[in-house]
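Each residue of the sequence shown is one higher than the one before, starting from 4 at the first, in the numbering used here.
C-beta: ideal position from N, C-alpha, C; glycine also.
Below is one structure, written out as structure tokens; comments come after it.
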Amino acid sequence: MDYKADSARYSKMPYRRCGNSGLVLPAISLGLWQNFGHVDLRSTYENILYTAFDLGITHFDLANNYGPPPGSAESNFGDILQKGFGAYRDEMIISTKAGYTMWDGPYGDWGSKKYLVSSLDQSLKRMQLDYVDIFYHHRPDPNTPLEETMTALDLIVRQGKALYVGLSNYPPEQAQEAFDILRKLGTPCLIHQPKYSMLVRTPEEGLLDVLGKNMVGCIAFSPLAQGLLTDKYLNGIPAESRASRNPSLSPDQITKEKVSSIKKLNDIASSRGQKLVEMAIAWLLKDARVTSVLIGASKVSHIHDAYNALQNTAFTESELSAINNVLSEIN
Ligand SMILES: NC(=O)c1ccc[n+]([C@@H]2O[C@H](COP(=O)([O-])OP(=O)(O)OC[C@H]3O[C@@H](n4cnc5c(N)ncnc54)[C@H](OP(=O)(O)O)[C@@H]3O)[C@@H](O)[C@H]2O)c1
Numbered sequence: 004m005d006y007k008a009d010s011a012r013y014s015k016m017p018y019r020r021c022g023n024s025g026l027v028l029p030a031i032s033l034g035l036w037q038n039f040g041h042v043d044l045r046s047t048y049e050n051i052l053y054t055a056f057d058l059g060i061t062h063f064d065l066a067n068n069y070g071p072p073p074g075s076a077e078s079n080f081g082d083i084l085q086k087g088f089g090a091y092r093d094e095m096i097i098s099t100k101a102g103y104t105m106w107d108g109p110y111g112d113w114g115s116k117k118y119l120v121s122s123l124d125q126s127l128k129r130m131q132l133d134y135v136d137i138f139y140h141h142r143p144d145p146n147t148p149l150e151e152t153m154t155a156l157d158l159i160v161r162q163g164k165a166l167y168v169g170l171s172n173y174p175p176e177q178a179q180e181a182f183d184i185l186r187k188l189g190t191p192c193l194i195h196q197p198k199y200s201m202l203v204r205t206p207e208e209g210l211l212d213v214l215g216k217n218m219v220g221c222i223a224f225s226p227l228a229q230g231l232l233t234d235k236y237l238n239g240i241p242a243e244s245r246a247s248r249n250p251s252l253s254p255d256q257i258t259k260e261k262v263s264s265i266k267k268l269n270d271i272a273s274s275r276g277q278k279l280v281e282m283a284i285a286w287l288l289k290d291a292r293v294t295s296v297l298i299g300a301s302k303v304s305h306i307h308d309a310y311n312a313l314q315n316t317a318f319t320e321s322e323l324s325a326i327n328n329v330l331s332e333i334n
């Protein structure tokens, strides 16, 4: 497909500074964890990428294992870059990660220097890129010294294979330790990627304070709780939904009680003139420490819904307390 980006794309999206770095990120970023693998329909995910970029979504988040099969999201993304999208490479922030199981044997998982360096080399080949903008350690490794993992991240930047480094799923104390090591090495941590949504508020228990204090950015993943914070499951589990086809969201997580609370959130969103998906994204962006909200999408319309969240990101005290009341029923 011949793609030409919308010339109005940069008037459409707010960009927020990532910690105290020189980099700004779009308020909404797009992740390729699901729906971009070899099992998915190319025309659909290609259109999702183009729609996102046309709306000013400049940041695309990948990982070595995204697919299925693992690696295929990177290969497909690389192929789309080759077919023309790559003309905009310098307008994009592309990230990838390593930290979960990727290949057989003792060197294809966790946080050794051996694994991180080899994995990024493989990711660059699949995406047909010389470098990524951000390389993440995907999860903490209890058995590799933190110094080794951070030294590997520093090395990767010095080799020119990544411009910045980030951490994902690190708890606050370990994140602080890692930030201190990285700062000493001369490669400060750019960003942390935690799971954060109205249904998963763990980052409020210390992580956001650590990020604020260290001036490290934050990109919130699974902001819609994989689709729960939309109107999708209000009346059962549709056949074409993640809960019906992917083990990452099992139907038994969608209890009657949860759905009844989500209906109340949906009513609060309606009273603000928003869809629930819009309110869920706006609710994360109200905190200035959140640099970007990292959504997933299986349809082009999901990108438009997310973008519409930006029309109203302000909350009154009474709206926030009504939301908190509902969330306290769930958590
Ligand atoms: N660092 C990590 O460990 C980690 C872990 C997980 C994810 N991530 C990152 O975060 C990104 C986003 O994660 P996520 O996909 O879980 O995010 P999410 O935004 O919480 O969920 C996205 C899913 O919600 C549904 N959805 C989205 N918009 C909708 C709408 N308007 N109406 C109805 N349903 C809608 C779609 O699922 P359906 O298929 O049901 O349509 C979509 O695939 C990933 O791609 C990845 O980059 C990182």
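Here DSSP, grouped into helix, strand and coil, assigns residue 275 to coil. CA-CA distance, residue 281 to residue 109, rounds to 43 angstroms. Between the beta-carbon of residue 284 and that of residue 325 there is about 18 angstroms, and that puts the pair past the 8 angstroms contact cut. Contact between residue 66 and residue 100 holds: CB atoms are separated by about 4 angstroms, below the 8 angstroms threshold.
At the C-beta level, residue 191 and residue 199 stay beyond 8 angstroms of one another.
Note: residue 28 is bridge-paired with 19 in the DSSP secondary-structure output. Excluding its 5 nearest sequence neighbours in each direction, residue 170 has C-beta neighbours in its own chain below 7 angstroms: 139, 140, 178, 181, 192, 195, listed in chain order. The beta carbon of residue 20 is closer than 6 angstroms to those of 27 in its chain, skipping five residues each way along the sequence. Distances from the alpha-carbon of residue 102 to those of 33, 136, 61, 153 put 153 closest. For residue 216, the enclosing alpha helix (DSSP H) begins and ends at 210–217. At least one heavy atom of ligand 1 sits closer than 7 angstroms to the Cβ of residue 228.
Separation of residue 172 and residue 77 (C-alpha to C-alpha, rounded to the nearest whole angstrom) is 21 angstroms.
With a cutoff of 7 angstroms, residue 235 counts as near ligand 1, since its C-beta is closer than that to a heavy atom of the ligand. With respect to the C-alpha of residue 258, the residue from 245, 231, 244, 121 having the closest C-alpha is 231.
Between ligand 1 and the CB of residue 144, the shortest heavy atom gap is not smaller than 7 angstroms. Taking non-hydrogen atoms of ligand 1 into account, the C-beta of residue 224 is found less than 7 angstroms away from one of them. By the neighbour-count criterion, in which 16 or more other beta carbons inside 10 Å mark a residue as buried, residue 240 falls on the exposed side. Between ligand 1 and residue 36, a heavy atom-to-CB distance of less than 7 angstroms is present.
If you draw a straight line from the Cα of residue 276 to the Cα of residue 311, it comes to about 11 angstroms. Nearest to residue 331 by C-alpha distance, out of 18, 61, 261, is 261. The alpha carbon of residue 115 has as its nearest neighbour, out of 89, 142, 91, the alpha carbon of 142. Around the beta-carbon of residue 17, fewer than 16 other beta-carbon atoms lie within 10 Å, marking it exposed. Boundaries for residue 169: no alpha helix (DSSP H) harbours it, while the beta strand (DSSP E) harbouring it runs 165–171, taken from the DSSP string.
For residue 136, the enclosing beta strand (DSSP E) covers residues 135–140. The straight-line gap separating the alpha-carbon atoms of residue 289 and residue 107 is approximately 43 angstroms. Proximity of the beta carbon of residue 165 to ligand 1 is not indicated: no heavy atom of the ligand is located closer than 7 angstroms.
Put simply, the backbone Cα of residue 244 is about 26 angstroms away from that of residue 82.
Within the model, the alpha-carbon separation for residue 278 versus residue 256 is close to 22 angstroms. Taking all protein chains in view, the Cβ of residue 74 is crowded by 16 or more other Cβ atoms within 10 Å, so the residue is classified as buried. With respect to the 8 angstroms criterion, residue 297 and residue 43 are not classified as neighbours on the basis of their beta carbons.
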